[in-house]
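Chemist:
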Amino acid sequence: MRKILFFFLLIFCPFIYGQSLKTEPLSDDIQTIRIDANGEWGTIPVINRNSNDFVRISFDRIGEESYNYLRYRIVHCNADWTKSSLADVEFLNGFNNNEIEDYANSTTTNVLYTNYQLQIPNNNVKLKLAGNYAVEVFEEDNPSNVLLRACFSVLDKSVQVGGTVSSLTDIDANKEHQQVSFSVSYNNLQVRDVFSDLRVYVRQNNRLDNQKSLVKPTSVQGNKLVYEHNRNLIFEAGNEYRRFESVSNRYKGMNVQNIEYRRPNYYISVYPDKIRANRSYSFDEDQNGRFLIRNAERNDSDTEADYFYTKFTLKSPDPFIEPIYINGDFTYDTFDTFDERYLMQYDAMNEEYSLTLLLKQGAYNYQYLAGSGNIYTPALTEGNYYQTENEYSIYVYYRPLGTRYDLLVGFLKIGGR
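Note that the sequence shown ends on residue 402 in the working numbering; no numbers are left out.
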């Protein structure tokens, strides 16, 4: 019997503990997960340790019976977002099973929901270590059934990070790509081996699917690591995100073609989109994939913004061989394969891809990506234009000698608006 149990653990534990965690709904009734730093919209959820900083997590639970006592626990993660082996007492002060006390039912909405909000740290729990964390939310009487995860990082700034982005890359110049170059100065760290003690991750527009992981710098100059002319730091330039606004049920917002009330819900159609590959670049003031919840006619959008069934359409005379996905912060990016709920369906009669999603009122950025395995590209649908104003974020992690955790010791955001 012991051999059978050991075999089971050997087979399944690597999956359980080797899975990279990410922000995502794990139940169909969870919608609109938002995480920001210090209550500021659009911020990357990275806060400073030993400061007054906090992360604010907000989400909705849909349904007439959406109110239930929900609780949360905090999971400590390694640099690659896999669950670490630390015990609770090693990374937090307080209790690691607490009630979410801030919640309110929706009012004057056709789709009924309960909005929950959580701030960390709080009076019940504080974090000891810099690094990565995932908040898991569950019902009070069913702690094993996780409804959602919300991820954030805590920074203990011990290195200096400087960086640039250029369209003059090692594979083309002012064409389809952008290349990130940066340096890490670690005068305040006891680094034994720069190739094993430090790990760097680079993201474009907070996307996880094309995140770059680096261990080896191009050169070492004293206590300064230089990462340049590294082909692993070349990203497809993409295009500016498309946008639409559904801030009212009385008038059509930006890029909304029509609004229709079909009892008991509102349905809107975003103007049909065209393929933007192989065209000239056109600047637009986007927000690099973000979304903002807003009802223009109400004061409290957290509980007074309604949910609309929102139809997206991408015109194409022929289907692509590759599957087409809609993508933005509202689709909760993944490290591997995209969620099938964001897969566009092709209609040969109308020569178009389409998808309808239940989305809360607001202003949204989105794009269409073609998938091949776990690689997603804008090349076929959006095009790649070197002028695109992308946002890059650099995360530097340090694992001290003899420890079992990765500290976030450096963070830099380049570009964006």
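Idealized CB from N, CA, C, for every residue including glycine. All values derive from a computational prediction rather than experimental measurement.
Any idea which residues DSSP pairs P10 with across the strands?
Modeler: DSSP, once it has assigned bridges, lists L133 as partnering P10.
Chemist: State yes or no: is the C-beta of V122 within less than 8 Å of the C-beta of I105?
Modeler: In this structure, I105 does not lie closer than 8 Å to V122 by Cβ.
Chemist: What are the uninterrupted segments assigned as beta strand (DSSP E) that are 3 or more residues long and contained completely in the segment 208 to 293, given in chain order?
Modeler: Complete beta strand (DSSP E) runs here, min 3: 209 to 212, 219 to 221, 227 to 230, 241 to 247, 250 to 255 and 276 to 278.
Chemist: Could you tell me the boundaries of the alpha helix (DSSP H) in which V74 lies?
Modeler: Taken as a continuous stretch (DSSP letters only), the alpha helix (DSSP H) holding V74 covers D73 to F76.
Chemist: Report the rounded CA-to-CA distance for A364 versus E25, giving the unit in angstroms.
Modeler: Those two C-alpha atoms are separated by around 33 Å.
Chemist: If you compare alpha carbons, which of H61, Y212 and N375 is closest to E270?
Modeler: When each option's Cα is compared against that of E270, the closest is N375.
Chemist: Please list, in chain order, all residues of the same chain as S5 whose beta carbon is under 7 Å from its beta carbon, the five residues on each side excluded.
Modeler: Excluding residues within five positions, the ones whose Cβ falls inside 7 Å are D65, W66, T67 and F320.
Chemist: Do I18 and R46 count as a contact pair if the criterion is CB distance below 8 Å?
Modeler: Not closer than 8 Å, so no.
Chemist: Leaving out five residues before and five after S69 in sequence, what residues of the same chain have Cβ atoms less than 7 Å from its Cβ?
Modeler: So the qualifying residues of the chain are H61, C62, N63, R389 and Y390.
Chemist: When every heavy atom of the ligand ZN is checked, does at least one fall within less than 7 Å of the C-beta of L328?
Modeler: This structure simply doesn't include the ligand ZN, nor any ligand for that matter.
Chemist: On a Cα-Cα basis, can you pick out the residue from N273, Y251 and Y266 that is closest to L343?
Modeler: When only C-alpha atoms are compared, the closest one is Y251.
Chemist: Go through its chain and collect everything with a Cβ distance to K111's Cβ below 8 Å, but skip five positions before and after it.
Modeler: So the qualifying residues of the chain are L77, N78 and G79.
Chemist: Indicate the three-state DSSP secondary structure (helix, strand or coil) for D157 in the structure shown.
Modeler: Three-state result, D157: coil.
Chemist: Is the number of C-beta pairs between the segment 211 to 218 and the segment 345 to 361 that are closer than 8 Å three or more?
Modeler: Taking 8 Å as the limit for Cβ pairs, the verdict is that the segment 345 to 361 does not touch the segment 211 to 218.
Chemist: In whole angstroms, what separates the C-alpha of I360 from that of A281?
Modeler: For I360 and A281, the distance between alpha carbons rounds to 38 Å.
Chemist: Beta-carbon within less than 6 Å of D87's beta-carbon, same chain only, minus the 5 sequence neighbours each way: which residues are those?
Modeler: So the list reads Q102, once near-sequence residues are dropped.
Chemist: Taking the C-alpha atoms as reference points, what is the distance between V255 and K345?
Modeler: Rounded to whole angstroms, V255 to K345 spans 14 Å at the Cα level.
Chemist: Pick out the complete beta strand (DSSP E) segments inside the segment 93 to 125, 3 residues or longer, and give them in chain order.
Modeler: The segment 93 to 125 contains these whole beta strand (DSSP E) runs: 98 to 105, 110 to 112 and 116 to 124.
Chemist: For E336, does the three-state DSSP call read helix, strand or coil?
Modeler: In this structure, E336 counts as coil in the three-state DSSP scheme.
Chemist: Closest to K398 by CA distance: which of E221, N190 and V200 is it?
Modeler: Nearest of E221, N190 and V200 to K398, Cα basis: N190.
Chemist: Between R58 and N82, what straight-line distance do the alpha-carbon atoms span, to the nearest angstrom?
Modeler: Near 5 Å, if we compare the C-alpha coordinates of N82 and R58.
Chemist: Just grab the DSSP bridge partners of D21 for me.
Modeler: Partner(s): R41.
Chemist: Suppose you measure from the CA of G387 to the CA of F137; what does that come to, to the nearest Å?
Modeler: C-alpha separation (whole angstroms): 25 Å.
Chemist: Can you check which of these residues, A333, L55, A115 and N100, is closest to S36 by C-alpha distance?
Modeler: Closest option to S36, Cα to Cα, is A115.
Chemist: Just verifying my parser: in three-state terms, what is the DSSP assignment at F315?
Modeler: In this structure, F315 counts as helix in the three-state DSSP scheme.
Chemist: For R34, name the three-state secondary structure that DSSP assigns.
Modeler: If DSSP states are grouped into helix, strand and coil, R34 belongs with coil.
Chemist: Tell me, to the nearest whole angstrom, how far the beta carbon of V139 is from that of I32; I am working on the premise that it is less than 8 Å.
Modeler: Rounded, the Cβ-Cβ distance is 6 Å, consistent with contact.
Chemist: According to DSSP, K142 sits in a beta bridge with which residue or residues?
Modeler: None, per the DSSP bridge assignment.
Chemist: Is D141 near L392, with beta carbons less than 8 Å apart?
Modeler: In contact: D141 and L392 (Cβ atoms closer than 8 Å).
Chemist: Alpha carbon to alpha carbon, what distance is there between S166 and N224?
Modeler: In a straight line, the C-alpha of N224 is about 21 Å away from that of S166.
Chemist: Please classify T366 as buried or exposed, where buried requires at least 16 neighbouring CB atoms within 10 angstroms.
Modeler: T366 is buried by the Cβ-count criterion.
Chemist: CA-CA distance, Y294 and L132?
Modeler: Roughly 22 Å separates the two Cα atoms.
Chemist: Could you give the residue range of the beta strand (DSSP E) that holds R192?
Modeler: Counting along the chain, R192 falls outside any beta strand (DSSP E), and DSSP gives it neither H nor E.
Chemist: For the beta strand (DSSP E) containing A403, name the first residue and the last one.
Modeler: There is simply no residue 403 to check, as the chain begins at -14 and stops at 402 in what is shown.
Chemist: How close, in whole Å, do the beta carbons of R134 and T8 come, if the pair is a contact with beta carbons under 8 Å?
Modeler: With a Cβ gap of about 6 Å, R134 and T8 count as contacting.
Chemist: On the CB-based measure, 16 or more other CB atoms within 10 Å of its CB, does P10 come out buried or exposed?
Modeler: Under this definition P10 is a buried residue.
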